[in-house]
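Chemist: Take a look at the following structure, please.
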Amino acid sequence: MEHDTSESGNRSVGSKEMDLKVPPCENSERHEDGDAEMAVSAPDTQSPSEDPPKDPREDKKWKWAVIFLCFYGFMGSIRPGEPFITPYLLSSTKNFTREQVTNEIIPVLTYSYMAVLVPAFLLTDFLRYKPVLILQGISQVVIWIILLLGETLLQMQFMEFFYGITMACRVAYSSYIFSLVNPVLYQRVAGYSRSAVLFGVFTSSVLGQFCMSVGNVTFYTLNAISLGFVSFGLLLALCLPWPKRSMFFNRTKNQEQKETAAVAAKSELDKMNPKEEGPSSASGWKDSVLVQMLLEVKNVVKRPNLRLWSLWWVFNSTGYYLVLFYVHILWNKVYPTTVNKNIYNGGVEAASTLLSAVTSFVAGYVKIRWNLWSELAIGVITALQAGLLLVMGTTDNIWVCYISYVLFRGFYQFLVPVATFQIASSLNKELCALVFGINTFLGTILKSTISLIISDKRGLALDVHSQFLVYFLYFSLLTVVYLICAAVVIIRHYRNQRREGGAASSQATELSPVAANPEAEPLSNGNGAKA
């Protein structure tokens, strides 16, 4: 969603705070610069997660469940053959052409992901996570079986279709944690589960590179090893505990009691005020949790900070994942596997994963006024990414290509936790999950549209170098938009600051001989203290 679906900071001066009718997120806190989050006026409600453990046995039970889930996330991420799928398809073993892989096989992944994402999101909550994780495990097994046994173009397209299913089902793992722990512990335990996945991806890439460089194994053998790991991951998914609660369709008893009481109170008011009576079926679906969340989304888009980061998530994640989908083909063209036997895809993926983890960690300690400098920070980082894409699309040196890719991923992952916090800190978990789901789906639609136009054989069917030049232009356009927005925000902020400073000094001169307090500064959202 990457989130990774990630995004940018709060909006500027003069931003109006919309009053959401949802409870505040349990993870909401103050910004690093000490600015308070936006106030959300609503009564507190119970989280959809399990009630806090009442005794040591319950405490031990959920701890072991979290440990097992993290172990599953680690083992499910170990697929040492994954960085070498493209060289395998282009090798003499499979003998597909670069044009077939670029314009006919890989585009299926984007279309499949778009088609499956919404059903996977809804079924994850309705079926309480575990069946979707099992479906993900089955899809991974099918992928590697097709890679080992498939020979035709249609079979490889089916392989990409199942790969899209596995990507869509990842939401089940990231949201499974809601059903295991108390909301107070969610942020910490979610960090454990994400770290387990990142460590698994790093281990997988290192293992794949070790097998290729030291073990001198073939692509076929490496894929057979991957099949063994994903089969073990499927067995672990079958052993996961079955949660009793979920966010939207399977609510806690406390929530159900509160909702019943609210409906009862509303019916009493309707009896006293029987002016607008509609069909009961209509009020029934309108009172459902998911529909209420969808109705709240229209309020979310009116909030400038959430709108900014959501747009960053949609547009920048689109470019990011398109680069990830096609970069291995670029490497193969710059450094053909038919001529060079030493392939370092696994090592590069390991290095980029490690740098991404480091930059994500560092982002949590960066203390700047995101509400004022968000657009500028996004614009600068997007400009750097555009420059790296230009280098990748024009260089003939594979090591320059590798380093540019590692830095490109690191810059993106730096903003992901910032965007996640900026979106999630002022929303409750249900609405937060829905907003991220919508952002991811919109990004997927955009990815599919771009792929259809520039990659698919039914579109322009551009070669990979031309595609990277298009990605460079795409990020350059985003840079221009972000920098223009940053200029508007900063100019407006300092203009309002001078105006409020002049008004404060004139009031101090007229009403009091005491000078204005020199320590009085605008609040971090750009509004003066008077606002």
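Going left to right, the sequence shown walks through residues 142 to 672 as our numbering numbers them. Each residue gets a CB set at the ideal place from its N, CA and C atoms; glycine is no exception. Predicted model only: the values in this text are computed from it and were never measured.
1. Going straight from the alpha carbon of LYS598 to that of SER253, what length do you get?
2. For ASN580, name the three-state secondary structure that DSSP assigns.
3. Where do the ends of the alpha helix (DSSP H) carrying ARG335 lie?
4. Rounded to the nearest angstrom, what separates ILE287 and GLN296 at their Cα positions?
5. Skipping 5 residues on each side, what residues in its chain have a beta carbon closer than 7 Å to that of PHE582?
6. SER280 and PHE303 - do their beta-carbons sit closer together than 9 Å?
7. Beta-carbon separation of THR459 and LEU587 under 9 Å?
8. Are the C-beta of GLY584 and some C-beta of chain C separated by less than 9 Å?
9. Apply the 10 Å Cβ neighbour rule to ILE208 and answer buried if 16 or more other Cβ atoms are within range, or exposed otherwise.
10. Mapping the DSSP letters down to three states, classify TRP203 as helix, strand or coil.
11. Find out if the Cβ-Cβ distance for the pair GLY305, ALA256 is shorter than 9 Å.
12. Measuring straight from C-alpha to C-alpha, what distance separates VAL622 and GLY520?
13. Determine, using beta-carbon pairs with one atom in the region 458-478 and one in the region 540-553, whether at least three such pairs fall under 8 Å.
14. Report the rounded CA-to-CA distance for LEU590 versus ALA518, giving the unit in angstroms.
15. From the DSSP output, in three-state form, read off LYS394 for me.
16. Tell me, please, whether the region 346-355 touches the region 321-338 by the rule of three or more beta-carbon pairs shorter than 8 Å.
17. Can you tell which of SER316, PHE370, VAL283, MET308 has its C-alpha closest to the C-alpha of MET300?
18. Would you mind stating whether SER691 and ASN483 have Cβ atoms separated by less than 9 Å?
19. What's the C-alpha gap between ALA403 and TRP205?
20. What does the Cβ neighbour count give for LEU376, buried or exposed, with the cut at 16 atoms within 10 Å?
21. Just tell me which of THR265, GLY278, TYR314 has its CA closest to the CA of CYS211.
22. Closer than 8 Å is the cut-off here; do at least three beta carbon pairs connect the region 598-610 with the region 485-498?
23. Could you check which residue in ILE631, CYS626, THR523 has the C-alpha nearest to that of THR620?
24. Could you tell me which of PHE319, GLU240, ASN236, ASP266 sits nearest to GLY291, measuring between CA atoms?
25. Counting C-beta neighbours from all protein chains within 10 Å, is the total for ASN538 16 or more, i.e. buried, or is it exposed?
26. Could you give the distance in angstroms between the alpha-carbon of TYR317 and the alpha-carbon of THR535?
27. Specify the secondary structure class of PRO224 as computed by DSSP and reduced to three states.
28. Under a three-way DSSP split, which group does CYS542 fall into?
29. State the start and end residues of the unbroken alpha helix (DSSP H) segment that holds GLY488.
30. May I ask which residues mark the beginning and end of the alpha helix (DSSP H) holding GLU301?
31. Starting from TYR461, trace the alpha helix (DSSP H) in both directions and tell me its first and last residue.
Modeler: Taking the structure as given:
1. 17 Å
2. helix
3. 324-354
4. When rounded, the separation of the alpha-carbon atoms in ILE287 and GLN296 is 7 Å.
5. LEU258, VAL259
6. yes
7. yes
8. Of the protein chains in this structure there is only one, and it is not chain C.
9. Burial is judged here by how many other beta carbons sit within 10 angstroms of a residue's own beta carbon; ILE208 has fewer than 16 and is exposed.
10. In the three-state reduction of the DSSP assignment, TRP203 falls in the helix class.
11. yes
12. 8 Å
13. Yes, they touch.
14. Here the sequence assigns Thr to residue 590, which means Leu is not the residue at that position. Taking the straight line from one Cα to the other gives about 28 Å.
15. Reliability fails at LYS394, whose pLDDT of 47 lies under 50, so the model's placement of it is uncertain and the value that follows must be treated cautiously. Of the three classes helix, strand and coil, the one that applies to LYS394 here is helix, per DSSP.
16. no
17. VAL283
18. Outside the displayed range of the chain (142 to 672) lies residue 691, so it cannot be described from this structure.
19. With a pLDDT of 47 at ALA403, under the threshold of 50, the modelled position of that residue is not reliable, and no figure is offered here.
20. exposed
21. Measuring from the Cα of CYS211, the nearest candidate turns out to be TYR314.
22. no
23. THR523
24. ASN236
25. So ASN538 ends up on the exposed side.
26. 43 Å
27. If DSSP states are grouped into helix, strand and coil, PRO224 belongs with the helices.
28. helix
29. 486-504
30. 294-309
31. 445-475
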